[in-house]
Amino acid sequence: FGQVEAILEGIIGKGLSLNWQGYLRIEAIDQELARKMVESGLSTLELSIGSGCQRVVDALKLGLRLADVLDKAKLIKRAGFKGRVVLNYSLNAPYETKETLKESIDFYHRMAEIFERDRVYPFIFFLGIQPHTELASLAIKQGILREDDNFLSLSPFMVRRLIYNPRPLDALIVKSFLKAKRMGEGNTGAKTLNEIERRLDARDRA
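Under this note's numbering, think of the first position of the sequence shown as 284, with each following residue one higher.
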């Protein structure tokens, strides 16, 4: 982080009025670096967590501990950060279940408690299946793809199959997203997670 700190110190030292977005591994930040980031104009902090469930994070081989993410989030908040936080989720990744979805939603709520709810923006993605990968092999085993499929095909039907969103959670996630979109603009990701949570709770009560 030597070069990063030098840049931040330069911005601060010259008194530049900047707003910048950071896409980073938050668990590597210490208190001093957090202070410099905030003081130099950090306005948006973007984090790719994949999932709010450690078991799914480990399966995705992201090499991060969610407990560390929460600890460093509190550290950045203490440094005075008042900007926007973007959480990148890959929902319905391998080994996703209703229980792991609930853990992901709970993680969003915990981040919202740290930074304030209107500052935390979940962005929801699905994994794209690439050839000769573990995910491709899994998709073939699950019957989503065939051995002879052409991954370079521009057919919309093939492109759709390369978006990893398997049953049985596919419908739950898509319907929740569509309902969130119908609610109007503004933090669609948070609305989607809240709708997934509502539907899961309704199933548990049924």
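Positions of the beta carbon are idealized from the N, C-alpha and C atoms, including for glycine.
The structure displayed is predicted, hence computed values, not measured ones.
Contact between L452 and L349 fails: their C-beta atoms lie close to 20 Å from each other, not under 8 Å. Per DSSP, the beta bridge partners of I446 are G411.
Considered as a whole, the segment 341-422 harbours 367-373 and 403-408 as its complete beta strand (DSSP E) runs of no fewer than 3 residues, in chain order. As a beta-bridge residue in DSSP terms, S331 pairs with N371. Looking at the backbone, the Cα of A362 and that of L370 are separated by about 19 Å. Per DSSP, reduced to three states, the secondary structure at G324 is coil, with no helix or strand assignment. Just so you know, the alpha carbons of V457 and E322 end up roughly 40 Å apart.
Cβ-Cβ distances below 6 Å link K474 to A463 and M466 in the same chain, with the five nearest sequence neighbours on each side left out; the list follows chain order. When DSSP states are grouped into helix, strand and coil, Q425 belongs to the coil group.
With 16 or more other Cβ atoms from the protein chains shown falling within 10 Å of its own Cβ, N477 counts as buried. For G467, no beta strand (DSSP E) run applies, since DSSP gives it neither H nor E.
Judged by DSSP in its simplified three-state form, G298 adopts coil rather than helix or strand.
S387 places its beta carbon less than 7 Å from that of G335. Classified as exposed, P439 has fewer than 16 neighbouring CB atoms from the shown chains inside 10 Å of its CB. Rounded to whole angstroms, the separation of the alpha carbons of L421 and N375 is 13 Å. The alpha-carbon separation between K297 and K381 amounts to approximately 51 Å.
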